[in-house]
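*Asks:*
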Amino acid sequence: MVIFQMIVLAWVVAHGALLQYALFWLVVERVVGVITQAREHIEHYGLWNATPDGLSSQILTQLYTTRNLQTTPLVNYLMAGLPYHAVHHAFPEIPSHRLPIAFERIDAILRDRGQPALVRDPGYWKTSLQLAAQFSTITIDQNKPT
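In my numbering, the protein residues as written are -11 to 134.
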């Protein structure tokens, strides 16, 4: 990859397009950064300390403090399976293409054991609008030991 980048950079310099090349990468970096930060925010915001009934196992904490999103197969592919973010957090060894079926199985097991269903919201766009409409400030609970 480094060799490829060196060849591209040499071509860019030879054609006097260094400024355009730098601007292109700046735009790409900013756009990808905004998309990544928005995705992270949507998948995690507002779910801290959301473990049901005070259960505190590591697996349950991962499952209940991360949002899963209903998306099209294309969006799921483009986001590398991360619309099933809770399952990814709890079981990172599961390949991204198997996260949808893992979500269904884990959700069924939780319900069979009397636990609440996993959080599943209606996609990135609708969820971002819902979160914006019910904005809340995240604070540290002063009564909890740190």
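Note that the Cβ used here is the ideal one computed from N, Cα and C, for glycine as well. Keep in mind the model is a prediction, meaning the values are calculated, not measured.
CA-CA distance, Leu48 and Ile97?
*Replies:* Spanning the two alpha carbons is a distance of roughly 12 Å.
*Asks:* Look up Asn56 in the DSSP assignment and give the residues it is bridged to.
*Replies:* Tyr72, Arg108.
*Asks:* At what residues does the alpha helix (DSSP H) containing Arg99 begin and finish?
*Replies:* Counting along the chain, the alpha helix (DSSP H) containing Arg99 begins and ends at 87 to 100.
*Asks:* Is the stretch 81 to 88 touching the stretch 104 to 119 in the sense that three or more CB pairs, one from each, lie closer than 8 Å?
*Replies:* Segments in contact, no.
*Asks:* Can you have a look at Pro133 and say buried or exposed, based on whether 16 or more other CB atoms are within 10 angstroms of its CB?
*Replies:* Confidence at Pro133 is low in this model, with a pLDDT of 49, below 50, so the placement of that residue is unreliable and no value is reported for it.
*Asks:* Assess contact between the stretch 59 to 67 and the stretch 89 to 96, defined as three or more Cβ pairs (one per stretch) separated by less than 8 Å. Is contact present?
*Replies:* Segments in contact, no.
*Asks:* Between the alpha carbons of Thr115 and Tyr33, how many angstroms are there, rounded?
*Replies:* Cα to Cα, the separation comes out at about 10 Å.
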